[in-house]
Structures are given as C-alpha cells and as structure tokens.
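The opening position of the sequence shown corresponds to residue 1 in UniProt numbering, with each subsequent residue numbered one higher. Some notes on the structure that comes next.
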Amino acid sequence: MRVHLHGTVTTVRVPWERTAGDIDVLIDAEEYQRILGDELRKLRRSRGWTRKELNQHLQSEISLQTLATYELGTRQCSVVRLVELCVAMDELPQDLLAKVHRRVFVDEPGRVRVDLRKVVADASADLLPLRRWAEDRLRQAGEHGGEVALDLPALERMAELCGLPTVDLIARLRRYASR
C-alpha cells in the first residue's frame, strides 16, 4: 500500500495485507482534520458542554479559540492534546479515531462508498463515462439506490474508461462519499 500525504509518498506494509497488486491510498490530511474536528465537536455536544466547560475539564489550559480551531479542523491537534481532549470527555482516543477512520475511509475494507447523485451532478468531461453509468444505476434503482460501494476491480475499470489513474479516480470519488 502506498500512502500519499500532501505530496509525500510513504510505502507502508502491514502483515495482514497482500502485497500482490498493492493499491495506492490517498489520505487527504485536510479532510481528515476536518472530520476529526467534527467528531470532537459531536463528542463535546453529546456531553452537553460548551467549549468553556470542556476547557475546565482539561489537564492543561488552552484558549477557547484553539478549541474552536480544532473543532473546525483548521488547526492540527497533537496526539497528546487529542488524548487529553478524549480523556476529559471520557472517550477512548482509539474509539474516536475509529469513528474518524470510518468516515474518511470506508466501513467496508477495499471498497469506496459513493453517492451516485453527487457523481451525476459533476460536469467534469473526464468523468463522462462514470456519470453515464451513475445515471443508469440511479434510473434502475429508483429512489432507494443512490449509494454504491465500489470494489477495486470496479474502480480500476472505471478509471480506465475515464482515462485516469485509479488512485486519482479514488481520490475524486471520496468527495462523493455519503457520510
């Protein structure tokens, strides 16, 4: 698996993954940060706390503006700060990160979940074959078929039809994810 993060390419091998036909995974750091912030905000609100009340439960003092920027996803949160925020809200950090991971990536390993209505709305010329396919799927499925989970072979074929590298198509399709 090759991981791309803001132009940096890092090859990551994990024992449970097959090495034949490795796929590239594009991590959008800004999206990850935004979703992490959203999950932090949801967690705080589920406790019925304001940012000021959360701040009172923290081990170290931080400004309310800093808390707001974490929740908006406009500022990176260190691992230590993330753990501190989670502990203050009685949440295991790994559970919060699992929620973020499910939203950024997909609940189903090896699949990309896509909202077909969003694909149809994209007027990009290079996605014309994909858009036609999505329109057809929506017609066949009716009102209840707006979402699909695409596996790697389907993604590779669609990328080929669109004349795009598979990793680029996956990155674009992640914008059409239904969350």
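For each residue, glycine too, the CB sits at the ideal point set by N, CA and C.
By alpha-carbon positions, which one of Thr50, Arg75, Thr66, Pro153 ends up nearest to Ile35? To locate residue 35, count along the sequence shown from 1; it is residue 35. The shortest C-alpha separation from Ile35 is found at Arg75.
Leu164 in three-state terms, based on DSSP: Mapped onto the sequence shown, residue 164 falls at position 164. Residue state, collapsed to three classes: coil.
Residue ranges of each alpha helix (DSSP H) within the segment 56-98, 4 or longer: Secondary structure remark: continuous alpha helix (DSSP H) runs of at least 4 residues inside the segment 56-98, in chain order: 64-72, 79-88.
Return the residue from the list Ala68, Tyr176, Asp28 that minimises the CA-CA distance to Ala121. Taking the first residue of the sequence shown as 1, we reach residue 121 at position 121. Minimum Cα distance to Ala121 is reached at Tyr176.
Ile23 versus Arg117 - alpha carbon distance: What you label residue 23 is simply residue 23 of the sequence shown in a count that begins at 1. What you label residue 117 is simply residue 117 of the sequence shown in a count that begins at 1. Legend: pLDDT at Ile23 = 48, less than 50; position of this residue unreliable, value from coordinates given subsequently. Computed Cα separation, rounded: 26 Å.
Secondary structure at Arg131, three-state DSSP: helix, strand or coil? Locating residue 131 in the sequence shown gives position 131, counting from the first residue. Here Arg131 sits in helix by DSSP.
From Leu40 to Leu150, what distance separates their C-alpha atoms? Residue 40 sits at position 40 when you count from the first residue of the sequence shown. Residue 150 sits at position 150 when you count from the first residue of the sequence shown. When rounded, the distance between both Cα atoms is 29 Å.
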